[in-house]
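Asker: First the structure, which I've put down as structure tokens, then a few questions once you've had a look.
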Amino acid sequence: MEAALWSPRQIRKMPMTACQTKRLILTPLKSQHGAELFKLHNDPLVQNAIFNNVPQTRADVHKWIDRFLAQWSKNGFGFWIVYEKVNDSPIFIGRCGLLEYRDTNSLEFAYAFFQSSAGRGLGPEAARFAITHALQNSTKEKVIGLIAHGNTRAERAAEKFGLHYVDDRFDNGKLFQYYELSREDYCSQAHYPAVWEPCNSNTEPN
13 MEAALWSPRQ IRKMPMTACQ TKRLILTPLK SQHGAELFKL HNDPLVQNAI FNNVPQTRAD
73 VHKWIDRFLA QWSKNGFGFW IVYEKVNDSP IFIGRCGLLE YRDTNSLEFA YAFFQSSAGR
133 GLGPEAARFA ITHALQNSTK EKVIGLIAHG NTRAERAAEK FGLHYVDDRF DNGKLFQYYE
193 LSREDYCSQA HYPAVWEPCN SNTEPN
């Protein structure tokens, strides 16, 4: 029997388990994902794009996990661990999700994928699910992205997600390119609404 489909309206009532898109399995980030995130955060592409080529320690990773878990606990949305469907053995390829952006009416979208998984449209596929889920569980009116100058890959990805460049802004003492997307514009895009399948328990990666 085929799995039932989740529409965006149903995502807000989605159980906290894994779900799947056409090519991906996404599961809410948990404390046991530390080893996977440690490997991801030390991937050359990720390290260069996010951490200024500074190697990340396990303590650094756990600080990120604590931040992500607090977001889930407070708001019911947050970051997802992303796996690519490869036969019967899903492969961990990255993370993506949204956080409240300071004391504003916006959510900040961020993602990190292994270099080996970049350039195949997997990021936009994961982003559409994560953004839809966050907007359905929030009253925030904008999704924003902060992109370092020179990160052309992230610029292209942001545009695929529907975000557009606004201006340059400082955040935590660093200058970023500020991108944004309104709730109204996102919900008017051709891919919305879409459907996702919940994973069976034996499909969810360990």
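So for the sequence shown, our numbering puts the first residue at 13; every next one is plus one.
By construction, the Cβ of each residue, glycine as well, lies at the ideal position given by its N, Cα and C atoms.
1. Provide the residue(s) that pair with Cys108 in DSSP beta bridges, ordered along the chain.
2. Among Gly88, Gly162, Gly106, Ala139, which one has its Cα closest to the Cα of Val155?
3. How would you write the range of the alpha helix (DSSP H) that Ala130 sits in, first residue to last?
4. Using three-state DSSP, classify Phe80 as helix, strand or coil.
5. Given this structure, state the Cα-to-Cα distance separating Gly88 from Gln189, to the nearest angstrom.
6. Closer than 7 angstroms by C-beta to Ile62: which residues in its own chain qualify, once you throw out the five before and the five after it? Chain order, please.
7. Exposed or buried, Lys152, counting other C-beta atoms within 10 Å across all chains shown (16 or more means buried)?
8. By Cβ distance below 8 angstroms, which residues in the same chain neighbour Asn65 in space, the five residues on each side in sequence not counted?
9. Am I right that Gln148 and Pro56 are in contact with their C-beta atoms under 8 angstroms? What's the rounded C-beta distance?
10. According to DSSP, simplified to helix, strand and coil, what is Val73?
11. To which residues of the same chain is Ile103 closer than 7 angstroms at the C-beta, ignoring the five residues directly before and after it?
12. From the DSSP output, in three-state form, read off Tyr113 for me.
13. Less than 8 angstroms between the CB atoms is what I'm expecting for Tyr191 and Ala170, so what's the real figure, rounded?
14. Please state if the CB of Leu52 and the CB of Ala142 are separated by a distance shorter than 9 angstroms.
15. Where in the segment 127-170 do unbroken runs of the alpha helix (DSSP H), each at least 4 residues long, occur, reported from the N-terminal end onward?
16. Can you round the beta-carbon distance between Ala146 and Leu110 to whole angstroms, since I take them to be within the 8 angstroms contact cut?
Answerer: Result, derived from the coordinates:
1. Answer by DSSP bridge pairing, in chain order: Trp92, Tyr123.
2. The candidate whose alpha carbon is nearest that of Val155 is Ala139.
3. Unbroken run through Ala130: none, as it is neither H nor E.
4. Phe80 falls in the helix class under three-state DSSP.
5. If I take the Cα positions, the gap works out to 28 angstroms.
6. The answer, listed in chain order, is Ala124.
7. Buried, because 16 or more other Cβ atoms sit within 10 Å of the Cβ of Lys152.
8. Gln59.
9. 35 angstroms between Cβ atoms; not a contact.
10. Correct three-state label for Val73: helix.
11. Hits under 7 angstroms: Tyr95, Glu96.
12. Of the three classes helix, strand and coil, the one that applies to Tyr113 here is coil, per DSSP.
13. For a cut-off of 8 angstroms, the C-beta gap from Tyr191 to Ala170 is around 5 angstroms, short enough to register as a contact.
14. No; because the gap between Cβ atoms is not below 9 angstroms, this pair is not in contact.
15. Every alpha helix (DSSP H) of 4 residues or more that sits fully in the segment 127-170 is shown, in chain order, as 134-148.
16. Right, their Cβ atoms sit about 4 angstroms apart.
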